Amino acid sequence: MLCMSCAVGMAGCEGAGEGSDSEAFADAALEDFREGEAEALLLPAVQAVELTLLDEGTVDNARLELRFAKGQALEPKIVMELDEGEVVTLRDDGGEGDLEAFDGIYSAIVSFDLGAEAERRLAYLERVEDGSQVTRFRGRNALETQAFEASALDFVFDGEAVAPASLEPQAFVGASLSFPSAPAPMATTTDFEKTLAVRDLHVVQDPTRTGVWRKVGGTCKFTGDAYGSHGFSHLMNEMATPAGVPVETWVQDWLLTYENNQSVNGQTTQSNPSGVAEIWNRFPHTVEDNQVHVFNDTLDLSAPPFQLLAIVNRVDLHEAGVGGNAGELRYVFQLVDPDTCEPMNTTVIFEYEVPITGCSATRSYASSWYDLDGVGLGTPTYNAMLEAITEPVVASGANPNHVTGSALGQLRVNSQTLFWPHYSGHQWHMREYVNTGAELRMQPVAMTPAFAYEYPDTNTAKQPIDDFINTYAADIVAGSYTVEPFYPGTSTPFQGAYAPYGYLNHSRPSPFSGSDVVYFDPFVSASSSVPAWAAPGVINWAGMQRARYWGSHHADLEARHEFSLNTCSGCHGRETFEDAGGLYQQTLTYGVSRSVAGAVAEEPFLHVRAQSPVDAGPAQFSRFMTGTDDGCTTPSGLVAPLGTETCTASCCPVGDPANGPSAAQYHYDDLDRRGQELEAIVHSSCLQMVSASQVHHLQLTPAH
Numbered sequence: 016m017l018c019m020s021c022a023v024g025m026a027g028c029e030g031a032g033e034g035s036d037s038e039a040f041a042d043a044a045l046e047d048f049r050e051g052e053a054e055a056l057l058l059p060a061v062q063a064v065e066l067t068l069l070d071e072g073t074v075d076n077a078r079l080e081l082r083f084a085k086g087q088a089l090e091p092k093i094v095m096e097l098d099e100g101e102v103v104t105l106r107d108d109g110g111e112g113d114l115e116a117f118d119g120i121y122s123a124i125v126s127f128d129l130g131a132e133a134e135r136r137l138a139y140l141e142r143v144e145d146g147s148q149v150t151r152f153r154g155r156n157a158l159e160t161q162a163f164e165a166s167a168l169d170f171v172f173d174g175e176a177v178a179p180a181s182l183e184p185q186a187f188v189g190a191s192l193s194f195p196s197a198p199a200p201m202a203t204t205t206d207f208e209k210t211l212a213v214r215d216l217h218v219v220q221d222p223t224r225t226g227v228w229r230k231v232g233g234t235c236k237f238t239g240d241a242y243g244s245h246g247f248s249h250l251m252n253e254m255a256t257p258a259g260v261p262v263e264t265w266v267q268d269w270l271l272t273y274e275n276n277q278s279v280n281g282q283t284t285q286s287n288p289s290g291v292a293e294i295w296n297r298f299p300h301t302v303e304d305n306q307v308h309v310f311n312d313t314l315d316l317s318a319p320p321f322q323l324l325a326i327v328n329r330v331d332l333h334e335a336g337v338g339g340n341a342g343e344l345r346y347v348f349q350l351v352d353p354d355t356c357e358p359m360n361t362t363v364i365f366e367y368e369v370p371i372t373g374c375s376a377t378r379s380y381a382s383s384w385y386d387l388d389g390v391g392l393g394t395p396t397y398n399a400m401l402e403a404i405t406e407p408v409v410a411s412g413a414n415p416n417h418v419t420g421s422a423l424g425q426l427r428v429n430s431q432t433l434f435w436p437h438y439s440g441h442q443w444h445m446r447e448y449v450n451t452g453a454e455l456r457m458q459p460v461a462m463t464p465a466f467a468y469e470y471p472d473t474n475t476a477k478q479p480i481d482d483f484i485n486t487y488a489a490d491i492v493a494g495s496y497t498v499e500p501f502y503p504g505t506s507t508p509f510q511g512a513y514a515p516y517g518y519l520n521h522s523r524p525s526p527f528s529g530s531d532v533v534y535f536d537p538f539v540s541a542s543s544s545v546p547a548w549a550a551p552g553v554i555n556w557a558g559m560q561r562a563r564y565w566g567s568h569h570a571d572l573e574a575r576h577e578f579s580l581n582t583c584s585g586c587h588g589r590e591t592f593e594d595a596g597g598l599y600q601q602t603l604t605y606g607v608s609r610s611v612a613g614a615v616a617e618e619p620f621l622h623v624r625a626q627s628p629v630d631a632g633p634a635q636f637s638r639f640m641t642g643t644d645d646g647c648t649t650p651s652g653l654v655a656p657l658g659t660e661t662c663t664a665s666c667c668p669v670g671d672p673a674n675g676p677s678a679a680q681y682h683y684d685d686l687d688r689r690g691q692e693l694e695a696i697v698h699s700s701c702l703q704m705v706s707a708s709q710v711h712h713l714q715l716t717p718a719h
């Protein structure tokens with residue numbers, strides 16, 4: 016992780032004296048962002064970090080030296096935002112702390128409190144229980160579990176390890192402190208139910224802070240306050256009010272984007288008035304038109320048909336850029352049938368970019384979540400402390416640097432109901448919206464291609480996306496790529512207007528013409544149970560799988576997985592959800608399994624889902640979030656690799672959906688990964704983690 020924020024400078028190589036062009040240069044870079052003239056700028060990938068202590072003080076007492084990875088275009092000056100409004104200039108021009116011009120080492124004189132850093136590490140070590148285990152991750156993939164070693168937090172001066180408890184700062188003046196390029200993972204010490212993903216009913220069904228649907232005497236009733244601090248209507252109202260739009264109109268206009276075709280990045284999203292009606296008519300109305308598909312009613316936001324499922328801390332997504340943020344705060348709601356209190360297949364996720372920049376401020380924000388671990392979950396004290404964290408983020412005017420004043424990054428809708436209300440179990444779609452200051456408007460979904468890049472060749476099963484994956488395999492594995500609006504070097508739309516998931520055949524409506532619904536799967540064709548007509552180059556009349564994962568067996572194995580996992584449809588589909596051998600169990604019954612033997616199927620697309628009825632208990636989290644290897648770690652400490660060790664039920668890894676479990680298997684435990692990030696932010700200095708900055712170059716499409 017990286018608390019520091021940086022920008023590549025555009026200045027020349029001239030030298031500077033005390034307080035001269037370095038300060039002006041740094042201040043100008045920061046001011047550009049403050050005035051909305053520049054977007055957050057990311058720190059180049061770092062290869063090595065060293066800090067030389069120059070004296071025993073704590074102010075301007077150290078020389079920081081960074082060597083950046085090769086192959087990057089770098090200017091002679093690079094600005095870092097250590098704290099909000101406090102910036103330093105790294106330079107390679109021989110001035111102000113840089114020992115030699117143009118040697119590839121960027122330097123700056125910085126303040127570093129070695130004693131405070133030792134205290135942070137000791138405080139963490141006091142929390143870690145004896146025998147604690149820690150999982151090592153590569154990206155989101157859990158690789159192995161092992162015993163936590165306290166020596167992982169030792170300082171390394173001139174190649175010699177020094178334990179924090181033995182540190183005497185004055186003894187190391189003149190010594191160089193180095194930081195590992197891949198910091199050791201820190202064992203989690205907090206309860207994720209309190210600090211990362213809050214779903215306790217005393218919180219998410221607190222009637223003083225949100226609206227609540229409950230079964231009372233067999234009848235579904237609405238209680239609570241939808242305009243409370245965590246309420247659906249409150250979150251919408253905080254966006255609508257600055258726009259001068261009544262919140263009822265704001266919500267109605269958003270829902271009606273599903274009534275008509277929408278054009279997004281050169282693609283057309285289909286209208287579905289019947290899907291709109293499924294939600295619209297579950298709101299109470301202050302003005303009623305008594306027509307199912309006309310939508311001239313006025314919605315009553317005092318009792319919206321949405322139940323709060325979880326409040327999620329995504330500080331692990333903090334941005335390493337001038338004007339970056341402290342990650343995200345998310346609210347997850349699920350649609351409710353007011354007649355029965357049963358959950359419906361639609362979730363709405365408010366995803367706020369926490370408007371905090373700078374290392375100390377980010378650490379302070381993370382610590383406020385961390386401190387919740389010491390308070391009783393769902394108690395009045397806990398609920399008040401949580402509201403003190405969330406309300407400044409969701410309130411109107413939370414981000415004065417944004418044209419809308421809102422901190423909303425995006426609002427995501429995962430739905431079967433809006434698109435396919437009559438074909439339950441077959442189609443999911445995800446849309447993404449941004450606050451323009453006047454409305455919630457659709458934008459392309461993050462990191463996800465248009466569905467046309469999935470269509471396979473009917474003879475080889477190769478997907479068009481395979482070429483992109485193979486061309487940029489190294490960048491994909493390194494996490495230094497993105498899915499741009501247009502395919503590289505062309506004007507052809509690349510980024511998807513929405514993320515689809517599901518099954519298509521000719522008996523159900525689809526955005527494709529009948530002759531397009533073709534699919535050849537080498538795993539299916541190798542099976543003796545395949546219908547005689549299902550052959551290469553022949554239309555598969557039984558249907559095709561759509562956007563359950565990206566890439567085929569023609570793509571690079573590791574790059575295909577990483578690319579697909581970073582898409583909305585892959586992360587919510589077969590890359591993380593096990594289907595236990597069925598290509599799509601509700602409809603397609605033949606084929607060779609790509610699952611690990613013993614695996615149990617898990618319903619896809621929602622990482623957070625309500626119980627039935629919606630007040631029956633806490634929301635259910637997917638195995639991707641809670642850990643596919645939970646409780647079944649092997650004696651070797653490795654999660655079951657390549658089918659050589661057995662697994663049972665939910666402990667099974669996910670077999671590679673394109674190549675099968677003999678090629679690759681994947682374990683996840685995303686809440687543990689996020690917990691490690693929280694520990695690192697709270698207990699580490701900014702400088703310790705600067706070498707890991709490239710992991711934040713890529714804004715993944717994170718799971719809920």
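Positions 16 to 719 (our numbering) are the ones given, in order, by the sequence shown.
Backbone N, C-alpha and C define an ideal beta-carbon position, used for all residues, glycine too.
Please read these numbers as outputs of a predicted model, since none were measured by experiment.
Going by C-alpha distance, which of the options is nearest residue i?
i	options	result
Ala292	Asn275, Ala60, Lys92 and Tyr242	Asn275
Val227	Val307, Cys356 and Thr486	Cys356
Thr301	Asn156, Asn311 and Thr641	Asn311
Ser610	Val623, Phe592, Ala625 and Gln626	Phe592
Glu366	Trp443, Gln306 and Met251	Met251
Val697	Lys209, Gly511 and Glu132	Glu132
Met457	Gly494, Gln277 and Ala167	Gln277
Glu175	Phe163, Ala190 and Gly675	Ala190
Ala673	Tyr385, Gly585, Asn340 and Cys667	Gly585
Phe620	Gly642, Thr582 and Asp630	Thr582
Gln442	Asn450, Gln431, Val449 and Tyr448	Gln431
Val492	Phe578, Ala465 and Ala512	Phe578
Can you round the beta-carbon distance between residue i and residue j to whole angstroms, since I take them to be within the 8 Å contact cut?
i	j	result
Ala634	Leu324	4 Å
Arg563	Tyr496	Actually they do not touch by this definition, with Cβ atoms about 22 Å apart.
Lys477	Ser421	Rounded, the Cβ-Cβ distance is 43 Å, inconsistent with contact.
Glu368	Gly424	4 Å
Asp348	Val363	Rather than Asp, the amino acid found at residue 348 in this sequence is Phe. Their Cβ separation, rounded to whole angstroms, is 5 Å, which keeps Phe348 and Val363 in contact under 8 Å.
Tyr681	His587	Actually they do not touch by this definition, with Cβ atoms about 15 Å apart.
Val498	Thr463	6 Å
Val13	Leu693	Outside the shown range of the chain (16 to 719) lies residue 13, about which nothing can therefore be said.
Ala488	His444	With a Cβ gap of about 29 Å, Ala488 and His444 do not count as contacting.
Between the alpha carbons of residue i and residue j, how many angstroms are there, rounded?
i	j	result
Leu140	Ile484	42 Å
Ala557	Tyr470	Reliability of the predicted coordinates at Ala557 is poor, the pLDDT of 48 falling under 50, and no value is obtained from them.
Arg155	Gly233	43 Å
Leu211	Asn76	36 Å
Glu402	Ser375	21 Å
Pro179	Trp269	54 Å
Lys209	Leu392	6 Å
Gly286	Asp107	According to the sequence shown, residue 286 is Ser rather than Gly. Taking the straight line from one Cα to the other gives about 56 Å.
Val615	Gln626	19 Å
Gly281	Pro508	6 Å
Pro200	Ala255	42 Å
Pro184	Glu71	7 Å
Is residue i helix, strand or coil by DSSP?
i	result
Tyr534	With a pLDDT of only 41 at Tyr534, under 50, the local geometry of the prediction cannot be trusted, and the value read off the model is given with reservation. If DSSP states are grouped into helix, strand and coil, Tyr534 belongs with coil.
Gly585	helix
Ser191	strand
Ser147	coil
Phe127	coil
Ala165	helix
Pro407	helix
Met445	strand
Met400	helix
Val498	coil
Phe117	coil
Arg760	Any property of residue 760 remains undetermined from this structure, which presents the chain solely from 16 to 719.
Phe483	helix
Ser382	helix
At 4 residues or longer, and completely inside the segment 268-298: list those alpha helix (DSSP H) runs for me, N to C. 288-295
Quick one: which unbroken alpha helix (DSSP H) runs of 4-plus residues sit fully inside the segment 613-642? Chain order, please. 638-641
Whole runs of the beta strand (DSSP E) within the segment 200-259, excluding any shorter than 3 residues: 226-231 and 234-239
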